[in-house]
Amino acid sequence: MPRAWAAFTAGPMIILCTWARLARYWLTLLRSTLVGCWMGITPGGPTAASFMSYSLARPFSKHRENFGKGEIEGVIAPETADQAAGTSALLPMLTLGIPGSATAAVMLGSLMIWGLHPGPTLFVEQHDFVWGLIASMYLGNVVSLIVVLVTVPLFASILRIPFSIIAPIIMVCAIGAYSVHNAFFDVVLMLFWPLLSADLQRLLQRRAES
Numbered sequence: 001m002p003r004a005w006a007a008f009t010a011g012p013m014i015i016l017c018t019w020a021r022l023a024r025y026w027l028t029l030l031r032s033t034l035v036g037c038w039m040g041i042t043p044g045g046p047t048a049a050s051f052m053s054y055s056l057a058r059p060f061s062k063h064r065e066n067f068g069k070g071e072i073e074g075v076i077a078p079e080t081a082d083q084a085a086g087t088s089a090l091l092p093m094l095t096l097g098i099p100g101s102a103t104a105a106v107m108l109g110s111l112m113i114w115g116l117h118p119g120p121t122l123f124v125e126q127h128d129f130v131w132g133l134i135a136s137m138y139l140g141n142v143v144s145l146i147v148v149l150v151t152v153p154l155f156a157s158i159l160r161i162p163f164s165i166i167a168p169i170i171m172v173c174a175i176g177a178y179s180v181h182n183a184f185f186d187v188v189l190m191l192f193w194p195l196l197s198a199d200l201q202r203l204l205q206r207r208a209e210s
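For the sequence shown, position 198 (counting from the first letter as 1) is numbered 198 according to our numbering, and the numbering increases by one without interruption.
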């Protein structure tokens, strides 16, 4: 318990110490932000922006040999582009009615359900809504910061859970999948898709590093 509490209290301090190192990567931050904004407006999507930003950051890095081994610049580049693209994807959705990402497409459908029609006239007819949406983005970033500072140590501690605890949880999930249709095939699907997802994730990581 004391070790867990020490890890919990040290988590925010570790993040704040990491922030102090961001100034030396200002060029990577700027380049990744521009890439993310461009891919979000185009629209290309956050995933494409992350891979493109990672591919651009590696040749320009002084420590390119450490990419894929925990190099912080290799984390800054795709994450910055991902966040920039996710926000920029709302611009074509609000101004032209063309969603720039899956999230923007869901928001477009929600707006149409409420009788709002995204486009140039939205900024004139529903300016209160538009500026409220923009303000919510700023507020969302602040809330996300607080959540990250509080929960990062908790999520990191999941990796230290022993298999003796994880195994019963997997069994409970398998029983739940089986009980839906009383078919063992559902259990096979439950095991197949995570394994396929993990293999594809490793494949995409190797392609990004090459």
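Glycine is no exception: its CB is placed at the ideal position from the N, C-alpha and C atoms. Values in this document were obtained by computation on a predicted structure and should not be read as measured data.
| Check | Outcome |
| --- | --- |
| Alpha-carbon to alpha-carbon, Gly-97 and Met-1 | With a pLDDT of only 45 at Met-1, under 50, the local geometry of the prediction cannot be trusted, and no value is derived from it. |
| Enclosing alpha helix (DSSP H) for His-141 [first to last residue] | Rather than His, the amino acid found at residue 141 in this sequence is Asn. Where Asn-141 is concerned, the enclosing alpha helix (DSSP H) stretches over 127-158. |
| Cβ-based burial, Met-112 [other Cβ within 10 Å; buried from 16] | exposed |
| Three or more C-beta pairs below 8 Å linking the segment 88-96 and the segment 116-135 | yes |
| Beta carbon of Arg-31 nearer than 9 Å to that of Ala-49 | no |
| Buried versus exposed call for Glu-65 [16 or more other C-beta atoms within 10 Å across all chains shown] | exposed |
| Same chain only: Cβ atoms within 6 Å of Ala-89, ignoring 5 sequence neighbours per side | Gly-40, Pro-43, Gly-100, Ser-101, Ala-104 |
| Cα-Cα separation, Ala-4 to Ile-166 | Confidence at Ala-4 is low in this model, with a pLDDT of 47, below 50, so its placement is unreliable and no value can be given for it. |
| Terminal residues of the alpha helix (DSSP H) in which Gly-109 lies | 102-113 |
| Residue interval of the alpha helix (DSSP H) (run including Tyr-178) | 163-181 |
| Cα-Cα separation, Leu-191 to Thr-33 | 37 Å |
| Rounded Cβ spacing between Ala-77 and Thr-28 (contact assumed at less than 8 Å) | 6 Å |
| Coarse secondary structure for Leu-116, derived from DSSP in three states | coil |
| heavy atom of the ligand FMN below 8 Å from Trp-38 C-beta | Absence of the ligand FMN is noted for the structure shown, with no ligands found whatsoever. |
| Classification of Tyr-54 by the beta-carbon crowding that lies within 10 angstroms, buried from 16 upward | buried |
| Environment of Gln-83 [buried if 16+ CB atoms lie within 10 Å] | buried |
| Euclidean distance between Cα positions of Pro-59 and Tyr-138 | 33 Å |
| Nearest-angstrom beta carbon gap, Ala-177 and Val-187 [assumed within contact, 8 Å] | 5 Å |
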